[in-house]
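Novice: In our numbering, the protein residues as written are 4 to 90.
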Amino acid sequence: MTQPIVEEMDEAIRQGASRLEERHCRICGCTEENACQVERTVAGKKVITGCAWVDYDLCDSPSCLQRAGFSELAATAVIAAAKQEEL
Ligand SMILES: [Zn+2]
Ligand SMILES: [Zn+2]
């Protein structure tokens with residue numbers, strides 16, 4: 004049983020609130036307002052979109068994932084799960 008995503012977010016915000024004023028990537032420093040551009044394959048086509056969060060302070064830019072030790076496949080799964088929650 005997984006926790007509701009909202010509770011996870013609250014927890015992440017509590018943990019991050021003391022040191023972060025604005026949510027940003029710990030590797031590249033991008034923010035919601037200033038997202039980096041990530042090339043993805045969507046429905047078989049390559050598109051450039053803004054990055055997405057894979058962790059509270061980690062975006063899915065390939066270089067960030069690599070430095071954080073996140074596999075791209077794992078990140079894709081996280082994003083897919085998050086998108087389903089939004090829908
Ligand atoms: Zn990043
Ligand atoms: Zn980013």
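Ideal Cβ placement from N, Cα and C applies to all residues, glycine included. Since the model is a prediction, treat every value here as computed from it, not as a measurement.
What would DSSP say about Asp60, mapped onto helix, strand or coil?
Specialist: The residue given as residue 60 occupies position 57 in the sequence shown. If DSSP states are grouped into helix, strand and coil, Asp60 belongs with coil.
Novice: Can you give the Cα-Cα distance for Asp60 and Glu25, rounded to whole angstroms?
Specialist: The sequence position of residue 60 within the sequence shown is 57, counting from 1. The sequence position of residue 25 within the sequence shown is 22, counting from 1. So the two alpha carbons sit approximately 10 Å from each other.
Novice: Let's see if you can read the secondary structure: which residues bound the alpha helix (DSSP H) around Ile30?
Specialist: Taking the first residue of the sequence shown as 1, we reach residue 30 at position 27. Segment: none, Ile30 is in no alpha helix (DSSP H) and carries neither H nor E.
Novice: So what does DSSP say about Glu36, is it helix, strand or coil?
Specialist: Taking the first residue of the sequence shown as position 1, residue 36 is located at position 33. Glu36: coil per DSSP, three-state reduction.
Novice: Rounded to whole angstroms, what is the Cα-Cα separation between Lys49 and Gln40?
Specialist: Start at 1 with the first residue of the sequence shown, and residue 49 comes out as number 46. Start at 1 with the first residue of the sequence shown, and residue 40 comes out as number 37. Straight-line Cα distance between these residues: approximately 12 Å.
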